[in-house]
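Residue numbers (this note's numbering), protein chains in the order written: chain S, 1 to 216; chain D, 1001 to 1216.
Beta carbons are placed, not taken as given, at the ideal position from N, Cα and C, and that holds for glycine.
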DNA sequence: CTACACTTGTCTATATTTTAACAAAAAACA
DNA sequence: TGTTTTTTGTTAAAATATAGACAAGTGTAG
C-alpha cells in the first residue's frame, strides 16, 4: 500500500530501530531530540538519520530538532503500528522458544499467533502465551498468515517453506542455514547465525583496529 | 593479519556462506562447480560470485568452473579455518542455549569455550559440551578470548560489554536491542531480532510483489 | 582435429548508500 | 532587540555494491 515512492531499502531497515528508540525517549518523557543525539544512541551517522527522515518530509525544525511525540506518531503510522501482522513460528526448539518468550508484544505491530512443531511432546503447550500445534495441522490452522518465522532443522527448511508458500505466506524470516527457494513475490530474510559469527571473526582478523559496526 | 588489500565488506560477509556450501558439495563428492550452480544454491548473482572470488586471484578455469576441493582448500586458508577462535557466550537463556546446542563444531574455526550466566541454577551445568560459570567469574576465567556472544537481557548489555572490553575482547556479536558503545578497535555486529521481523513486515507491506532477499 | 558449447575473469555501466558541507531557519542568550 | 548557537533539510560528492556483457580460454563431442 501507500504512496511512499522509493524509500531506499537501507533506510527501511533502519526505521524500526528509530521507532524503538523514540519509544524509549517517550517513556523517559523527553520532548525533543536532535539527529546528533539519535546518532549517538543508535550508532548511525547523523546525516544519514536526517536523510532517512527527509524521505517522509520535513519532520523537524531547524535549530530545535525533532519533537519526540510528533515523530513517534508519524512513525507509528508509517510503520503501520496499529495494523497487527499475524505471524506463525515453525520449530519450537531453543531458538523458537526464545522468540516465543520474547513475543514482541511491547510496542509492536507483530504478534506470533501460533507455533508448530513435529515433536508431539511439545504440542498442546503454551509458550509465552502462544499455543503450539502439531506440524501436520499447519494447513488447517493458518489462513490469514502472511509472515512465518522458520526455526526448524535445516533438513526441513525447504519442505516447510513450500508448504508455507502454498498456504499464502508472503514473507519468511529464515533462521536455518538453508538458502530456501521461493516463488517471486515471496520475500525471504536470512539470518544465519553461523555466518554472522564467522564473518565477525573474519573482520576481526583481517580488518584490524578500524571502523566499528557492519551489522545487518 | 594477511596481505589481502581491500576486500569489500559485502564480499567478506559472503565468504562464510560460500565456504559452507563448498563443504556440502565436497561431502556430496562433487568435483566441480560453476558460478551459475553456486548462484542458484546461495542466491547470489553469478557475476557477483565470480567477482568475489576474483579478489583472491584466478581460482577457476574457463569452460570448466571451479574445482571444489581446490576452492575449499583455498577458502579454508583464507578464512583461517585451521586457526580456532575461542568464544565466550554471556547469557544462557533460550537464545544462548540455542547457540550452545548449535555449537558450530562441524566445519568451523569458532568454538564456544565457556558460557556465563547470573542465574546460579544454571551455573555448573554443561550445555552442548560448554561449561556454564557464574558471571562473577568472568574476569577470572577469560583471558585469551577475542569474541563474545551477548545474549543477556538488554539492561545488562552495556555493563557486560564494558567488562568484556576491559578483559580484551575485540569483537562482540550483540543480540540485545541495545546499541552498545565500545572503544575504537572493538567490532560489534548487531543482530536485532525484533528489528529483523519489523523490517521484513515493512518490506512486505510497502514493497509488494517484487525482488526477494534483502538479508544480512 | 575442428567446431561448438561452456564458463571464467574482467571491464564497464548502473544502482545504491553514505557522508560532508552549508544555507536557512529557529532557538537561546545577552 | 540583536547576536550567537544550534540544527535541520538538501545538495553535491564520494564510496560501495551489483549486474550486464563479452573476449579469451577450456572442455567436449564428433
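Interface partners of residue 43/S on chain D, CB under 9 Å:
In the first chain, residue 43/S corresponds to position 43, counting from 1. Here the neighbours are 1179, 1180, 1181, 1188, 1190.
How many angstroms separate the CA atom of residue 207/S from the CA atom of residue 154/S?
As a first step, residue 207/S must be located in the first chain, where it is residue number 207. As a first step, residue 154/S must be located in the first chain, where it is residue number 154. Approximately 31 Å, taken between the alpha carbons.
Less than 8 Å between the CB atoms is what I'm expecting for residue 172/S and residue 150/S, so what's the real figure, rounded?
Numbered from 1 along the first chain, position 172 holds the residue referred to as residue 172/S. Numbered from 1 along the first chain, position 150 holds the residue referred to as residue 150/S. Residue 150/S and residue 172/S do touch by the CB rule: their CB atoms are close to 6 Å apart, below 8 Å.
Partner residues on chain D for residue 125/S, Cβ-Cβ distance less than 7 Å
Locating residue 125/S in the first chain gives position 125, where the first residue counts as 1. Proximity of chain D to residue 125/S at the Cβ level (cut-off 7 Å) is not reached, the minimal Cβ distance being about 14 Å.
In angstroms, rounded to a whole number, what distance separates the CA positions of residue 1135/D and residue 1177/D?
Counting from 1 along the second chain, the entry for residue 1135/D is found at position 135. Counting from 1 along the second chain, the entry for residue 1177/D is found at position 177. Approximately 20 Å, taken between the alpha carbons.
Is the distance from the Cβ of residue 112/S to the Cβ of residue 100/S below 8 Å?
Start at 1 with the first residue of the first chain, and residue 112/S comes out as number 112. Start at 1 with the first residue of the first chain, and residue 100/S comes out as number 100. Yes, Cβ-Cβ distance for residue 112/S and residue 100/S is below 8 Å.
List, in order along the chain, the chain D residues whose C-beta lies closer than 9 Å to that of residue 37/S?
Locating residue 37/S in the first chain gives position 37, counting from the first residue. Near residue 37/S there are no residues of chain D at all, since even the closest Cβ is about 13 Å away, more than 9 Å.
Counting along the chain, where does the beta strand (DSSP E) carrying residue 1113/D start and finish?
Within the second chain, the letter at position 113 stands for residue 1113/D. For residue 1113/D, the enclosing beta strand (DSSP E) covers residues 1110-1117.
Tell me where the beta strand (DSSP E) around residue 102/S begins and ends.
Here residue 102/S refers to the residue found at position 102 of the first chain. Annotation: residue 102/S is outside any beta strand (DSSP E); the continuous alpha helix (DSSP H) that includes it extends over 94-102.
8 Å is my cut-off, CB to CB: does residue 166/S come that close to chain D?
For this step, residue 166/S is matched to residue 166 along the first chain. Any Cβ of chain D closer than 8 Å to the Cβ of residue 166/S would place that residue at the interface, and such an atom is absent.
So residue 144/S and residue 86/S are supposed to be a Cβ contact under 8 Å. How far apart are they, rounded?
Start at 1 with the first residue of the first chain, and residue 144/S comes out as number 144. Start at 1 with the first residue of the first chain, and residue 86/S comes out as number 86. So it is a contact: roughly 6 Å between Cβ atoms.
Between 175/S, 152/S, 188/S, which lies nearest to residue 165/S when the distance is taken from Cα to Cα?
By 1-based counting over the first chain, the position of residue 165/S is 165. Minimum Cα distance to residue 165/S is reached at 188/S.
Could you pull the start and end residues of the beta strand (DSSP E) that residue 49/S belongs to?
Within the first chain, the letter at position 49 stands for residue 49/S. First-last for residue 49/S: 46-54, but that is the alpha helix (DSSP H), not the beta strand (DSSP E).
In whole angstroms, give me the CA-to-CA distance for residue 148/S and residue 130/S.
For the purposes of this step, residue 148/S is identified with residue 148 of the first chain, where counting begins at 1. For the purposes of this step, residue 130/S is identified with residue 130 of the first chain, where counting begins at 1. Distance between the alpha carbons of residue 148/S and residue 130/S is about 14 Å.
Status (buried if at least 16 other CB within 10 Å, exposed otherwise) for residue 1021/D
Mapped onto the second chain, residue 1021/D falls at position 21. By the 10 Å Cβ count, residue 1021/D comes out buried.
Using a Cβ-Cβ cut-off of 8 Å, state whether residue 75/S counts as contacting chain D.
For the purposes of this step, residue 75/S is taken as the residue at position 75 of the first chain. Residue 75/S does not count as touching chain D.
Which residue marks the beginning of the beta strand (DSSP E) containing residue 1019/D, and which one marks its end?
Position 19 of the second chain holds residue 1019/D. Boundaries around residue 1019/D are those of the alpha helix (DSSP H), 1009-1027, since no beta strand (DSSP E) includes it.
So, at 7 Å on beta carbons, what are the nonlocal neighbours of residue 11/S in its own chain, with the 5 sequence-adjacent residues on each side left out?
As a position in the first chain, residue 11/S is number 11, starting the count at 1. So the qualifying residues of the chain are 52, 55.
Looking at the C-beta of residue 1163/D, does it have a partner C-beta in chain S at a distance below 8 Å?
Position 163 of the second chain, counting from 1, holds the residue named residue 1163/D. It does not; no Cβ of chain S falls within 8 Å.
Let me know the secondary structure DSSP gives residue 73/S once reduced to three states.
Here residue 73/S corresponds to residue number 73 of the first chain, with the count starting at 1. Look at residue 73/S here: in three-state DSSP terms it is helix.
Does the distance from the C-beta atom of residue 1160/D to that of residue 196/S stay below 8 Å?
Sequence index remark: in the second chain, residue 1160/D carries index 160 (1-based). Sequence index remark: in the first chain, residue 196/S carries index 196 (1-based). Cβ distance not < 8 Å, so residue 1160/D and residue 196/S don't count as in contact.
Buried or exposed: where does residue 1199/D fall if 16 or more other Cβ atoms within 10 Å of its Cβ makes it buried?
Translated into the one-based positions of the second chain, residue 1199/D becomes position 199. Its Cβ being crowded by 16 or more others within 10 Å, residue 1199/D is buried.
For a cutoff of 8 Å on Cβ pairs, would you count residue 16/S as touching chain D?
In the first chain, the residue the question calls residue 16/S occupies position 16. Chain D contact via Cβ: present.
Can you tell me whether residue 1003/D is buried or exposed, with buried defined as 16 or more other CB within 10 angstroms of its CB?
Numbered from its first residue, the second chain carries residue 1003/D at position 3. The predicted model places residue 1003/D with a pLDDT of 42, which falls under 50 and marks its position as unreliable; any figure quoted below should be read in that light. By the neighbour-count rule (16 or more Cβ atoms within 10 Å), residue 1003/D is not buried but exposed.
Contact set between the region 124-154 of chain S and chain D, restricted to residues whose Cβ is under 7 Å from the partner:
Of all residues in the region 124-154 of chain S, only 146, 147 come within less than 7 Å of chain D when Cβ atoms are compared, listed by chain position.
Under three-state DSSP, which class holds residue 1197/D?
For the purposes of this step, residue 1197/D is taken as residue 197 along the second chain, with counting starting at 1. Helix.
Between the Cα of residue 116/S and the Cα atoms of 102/S, 142/S, 103/S, 110/S, which residue gives the shortest distance?
To locate residue 116/S, count along the first chain from 1; it is residue 116. Relative to residue 116/S, the option among 102/S, 142/S, 103/S, 110/S whose CA is nearest is 142/S.
For residue 218/S, count neighbouring Cβ atoms within 10 angstroms of its own Cβ and tell me buried if that reaches 16, exposed if not.
Outside the shown range of chain S (1 to 216) lies residue 218/S, about which nothing can therefore be said.
Do residue 1179/D and residue 68/S have their C-beta atoms closer together than 8 Å?
Within the second chain, the letter at position 179 stands for residue 1179/D. Within the first chain, the letter at position 68 stands for residue 68/S. Against a cut-off of 8 Å, the Cβ pair of residue 68/S and residue 1179/D comes out as no contact.
Does the beta-carbon of residue 1024/D have 16 or more other beta-carbons within 10 angstroms, so that it is buried, or is it exposed?
Looking up residue 1024/D in the second chain gives position 24. Classification for residue 1024/D: exposed.
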